[in-house]
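Here the protein sequences line up with chains A and B, keeping their order.
Per my numbering, the first sequence starts with residue 1, numbered consecutively.
Per my numbering, the second sequence starts with residue 1, numbered consecutively.
Structure first, then comments.
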Amino acid sequence: MPRRSLADVARLVRSKNAGPFWLTIDVMFDDANAYHAAEQQQVFTPARLAALYRLPVEQVRVFAHPAALAFKVSFPRPIPAGSPGDADVFGGQQYAGVLELTVDLD
Amino acid sequence: MKLLAATGMLGSGFREESIVAGIARGAEMIGCDAGSTDFGPHLLATGLAPFSRTAIKRDVAVMLRHALAARIPVVIGSAGGSGSAAGVCMMREVVAEIALEHGLRARIALVGAEQPADRIRGLNATGRIVPLAPSAPLADDTIDSALHIVAMMGPEPIQAALSEGADVVIAGRSSDAAVFAAMPLARGLPPAVCWHAAKILECGAAAVAQRAAPDSMMGDLDHGGFAITPMRSDYRCTPQSVASHVLYENADPFRLVEPPGVLDTSAARYDAVDDRTVRVSGSTFTPATAYSIKLEAAALAGYSTVLFGAVRDPLILRQLDGWLAQLDENVGRRLRELSLDGSHRIVTRVYGRDGVMGELEPHPVFEGHEAVILWEVISASQEHSHAIAASLSHMAVHNPIAEWHGLISGLAYPFAPAEIDRGPVYEFTMNHIVTPVDPLELFSIDMVTL
Chain A
1 MPRRSLADVA
11 RLVRSKNAGP
21 FWLTIDVMFD
31 DANAYHAAEQ
41 QQVFTPARLA
51 ALYRLPVEQV
61 RVFAHPAALA
71 FKVSFPRPIP
81 AGSPGDADVF
91 GGQQYAGVLE
101 LTVDLD
Chain B
1 MKLLAATGML
11 GSGFREESIV
21 AGIARGAEMI
31 GCDAGSTDFG
41 PHLLATGLAP
51 FSRTAIKRDV
61 AVMLRHALAA
71 RIPVVIGSAG
81 GSGSAAGVCM
91 MREVVAEIAL
101 EHGLRARIAL
111 VGAEQPADRI
121 RGLNATGRIV
131 PLAPSAPLAD
141 DTIDSALHIV
151 AMMGPEPIQA
161 ALSEGADVVI
171 AGRSSDAAVF
181 AAMPLARGLP
191 PAVCWHAAKI
201 LECGAAAVAQ
211 RAAPDSMMGD
221 LDHGGFAITP
231 MRSDYRCTPQ
241 SVASHVLYEN
251 ADPFRLVEPP
261 GVLDTSAARY
271 DAVDDRTVRV
281 SGSTFTPATA
291 YSIKLEAAAL
301 AGYSTVLFGA
311 VRDPLILRQL
321 DGWLAQLDEN
331 VGRRLRELSL
341 DGSHRIVTRV
351 YGRDGVMGEL
361 EPHPVFEGHE
371 AVILWEVISA
381 SQEHSHAIAA
391 SLSHMAVHNP
401 IAEWHGLISG
411 LAYPFAPAEI
421 DRGPVYEFTM
431 NHIVTPVDPL
441 ELFSIDMVTL
């Protein structure tokens, strides 16, 4: 089965603040096939996302939301939103690494 | 019970026809969230609103005129952008102006959420304040340095204001959903229905399939669930668009914590009623053992001066990391010589390498034919930050590379002066929960008749 990147397969990938102290990333699929393949192949696990973002694994929370055909990854922001050193007040551009994750799909 | 959300953020706009449509369908209240921490800590720190007074006034005027004519209440939460005393005051002035201009009469409730430092110190001393992950326990220093502290009210103060006969509730910092949950909860509708509907309504039309512009949303609540419908006829809610909405801005999509307890959406069902209305049912609500209220605070972080320069020379770009490290070292030495090395911070962001994601960047390697470097100096005074930035800008532009034998100018500064004084900058300093004895004790209600 061809290896497809989430950038090509997902309906929407976004990141946003969940309050000033947490960041949350959503990956939504259009079709159940892609969602279930990602679930079966364990594309979204705390270990994989922690490695991608170089964060301690115990800080990374992953959720599967089948009713929305979506996955969510949340973790504490390294710097609170709007604090000195922050480069993304809304937290909207922190998902690029997730786009490179792949899923094997027909 | 039918609830109408004017839009997701007061001042962001909505069509007047949407309000008319909502009232025609039997809306019993019009609500709107007016604040957010999204924009940054400066709203809470300074009392500044997130949109212009013109934009805010336009939205409030449309809501007010139609609601008062239909004899239904208006509830505005987190007034003024941060829900501080200044925010409530600003909203009160806007409402008073509108009332005068349109010859409107109304009973206004002002619900204050701002907290004096000594009250918070007292609550902290009696062990009633705990940190949320990833924060540490609340230190006295944090309370002392806060410019403004607000507590995020639940539905009870809003209910109290409405039962005192308010036509318009101008609430300080509120749980966004409490703005919409207050009335149906008071009517005895199930908490799970009230809170889940409120969580969707507070974002206005955000839960539609394709939102071209902010607009209104209607919730029709009953004892078994609720139906959600957008008011713009070209918008549609679908089961997936509504189910997706719990993802937005929530760290956990299934466990949504509100002051009186936790909304669990994990078993919710989203069923299409028609091609633009979705019925939601199946969420549950678990009352908390202790009623809990979130605290927010903003403090001064310092005074900022920024320096924005760009590099086009490929010989510098191929050794960018080393070139910048050399600069850091030289700057440190120079600041010590000038005795300017006292407490300050220089933040360096390199766009083209890792400016956007910083330490989260998976590929922190410079790529491209031009780099933008944004330096920010933060210290206890504008003068000090500016002085440091002025030395930094001069050293940066002449920072050498081995390949070029002679004095170079390695940065393109688009502005003169290159150093831009940004003024005071702030930070959010509280991420804590307080457990009061009573849901009303931290909030004040003042009634005004216009």
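Glycine included, every Cβ here is placed at the ideal spot set by N, Cα and C.
Local Cβ density within 10 Å of residue i, reported as buried at 16 or more and exposed below that
i	result
residue 275 of chain B	exposed
residue 105 of chain B	exposed
residue 447 of chain B	exposed
residue 25 of chain B	exposed
residue 69 of chain B	exposed
residue 196 of chain B	buried
residue 8 of chain A	exposed
residue 173 of chain B	buried
residue 32 of chain A	exposed
residue 7 of chain B	buried
residue 309 of chain B	buried
Alpha-carbon spacing of residue i relative to residue j, whole angstroms
i	j	result
residue 304 of chain B	residue 98 of chain A	33 Å
residue 139 of chain B	residue 298 of chain B	14 Å
residue 52 of chain B	residue 10 of chain B	11 Å
residue 363 of chain B	residue 369 of chain B	17 Å
residue 215 of chain B	residue 27 of chain B	15 Å
residue 179 of chain B	residue 31 of chain B	7 Å
residue 387 of chain B	residue 283 of chain B	58 Å
residue 105 of chain A	residue 49 of chain A	20 Å
residue 403 of chain B	residue 326 of chain B	15 Å
residue 383 of chain B	residue 92 of chain B	37 Å
residue 343 of chain B	residue 422 of chain B	18 Å
residue 455 of chain B	residue 54 of chain B	Absent from the structure is residue 455 of chain B, since the part of chain B shown begins at 1 and ends at 450.
residue 108 of chain B	residue 450 of chain B	7 Å
residue 378 of chain B	residue 211 of chain B	39 Å
residue 208 of chain B	residue 238 of chain B	7 Å
residue 182 of chain B	residue 436 of chain B	19 Å
residue 307 of chain B	residue 147 of chain B	27 Å
residue 401 of chain B	residue 331 of chain B	16 Å
residue 352 of chain B	residue 23 of chain A	22 Å
residue 245 of chain B	residue 96 of chain B	35 Å
residue 175 of chain B	residue 155 of chain B	8 Å
residue 120 of chain B	residue 143 of chain B	7 Å
residue 235 of chain B	residue 158 of chain B	30 Å
residue 428 of chain B	residue 151 of chain B	13 Å
residue 49 of chain B	residue 313 of chain B	42 Å
residue 100 of chain A	residue 441 of chain B	50 Å
residue 3 of chain B	residue 36 of chain B	21 Å
residue 127 of chain B	residue 430 of chain B	16 Å
As assigned by DSSP and simplified to three states, the class of residue i
i	result
residue 33 of chain A	helix
residue 250 of chain B	coil
residue 32 of chain B	strand
residue 85 of chain A	coil
residue 423 of chain B	strand
residue 367 of chain B	coil
residue 53 of chain A	helix
residue 46 of chain B	helix
residue 447 of chain B	strand
residue 271 of chain B	strand
residue 307 of chain B	strand
residue 193 of chain B	helix
residue 3 of chain A	strand
residue 222 of chain B	strand
Whole-number beta carbon distance between residue j and residue i, since they are thought to touch under 8 Å
i	j	result
residue 254 of chain B	residue 63 of chain A	7 Å
residue 396 of chain B	residue 411 of chain B	6 Å
residue 80 of chain A	residue 301 of chain B	That belief does not hold up - the Cβ atoms of residue 80 of chain A and residue 301 of chain B are roughly 10 Å apart, past 8 Å.
residue 76 of chain B	residue 228 of chain B	That pair is no contact at about 21 Å.
residue 130 of chain B	residue 432 of chain B	7 Å
residue 426 of chain B	residue 41 of chain B	4 Å
residue 79 of chain B	residue 73 of chain B	Not confirmed; about 15 Å, so no contact.
residue 27 of chain A	residue 75 of chain A	Not quite, the Cβ-Cβ distance comes to about 15 Å (not below 8 Å), so this is no contact.
Closer than 9 Å, Cβ to any Cβ of chain A: which residues of the stretch 236-258 of chain B, in chain order?
-> 239, 240, 241, 242, 243, 244, 245, 246, 247, 248, 249, 250, 251, 252, 253, 254
Name the residues in the stretch 4-28 of chain A whose C-beta lies less than 8 Å from a C-beta of chain B; which are they?
-> 16, 17, 18, 19, 20, 21, 22, 24, 26, 28
Mind listing which residues of the stretch 268-280 of chain B have their C-beta closer than 8 Å to chain A's C-betas, in chain order?
-> 268, 269, 270
Taking only beta carbons into account, state which residues of the stretch 342-358 of chain B come closer than 7 Å to chain A, listed in chain order.
-> 345, 347, 349, 355, 356, 357, 358
Interface positions of the stretch 23-57 of chain A facing chain B (Cβ-Cβ less than 9 Å), listed along the chain | Contact residues of the stretch 23-57 of chain A toward chain B are 23, 24, 26, 28, 30, 52, 53, 54, 55 (C-beta to C-beta distance below 9 Å).
Contacting positions in the stretch 84-100 of chain A - beta carbon closer than 8 Å to chain B = Correct list: 84, 85, 87, 88, 89, 90, 93, 94, 96, 97, 100.
Output, in sequence order along the chain, the residues in the stretch 13-35 of chain B whose CB is closer than 9 Å to any CB in chain A.
-> For the stretch 13-35 of chain B, which is checked against every Cβ of chain A, not one residue is closer than 9 Å.
The stretch 371-395 of chain B: positions lying closer than 8 Å to chain A by Cβ | 376, 378
Mind checking the stretch 67-81 of chain A against chain B and listing, in chain order, the residues whose C-beta falls within less than 8 Å of any C-beta there?
-> 67, 68, 69, 70, 72, 74, 76, 78, 79, 80, 81
Members of the stretch 39-61 of chain B that neighbour chain E once the beta carbon cut-off is set at 9 Å = In the structure shown, chain E does not exist; the protein chains are A and B.
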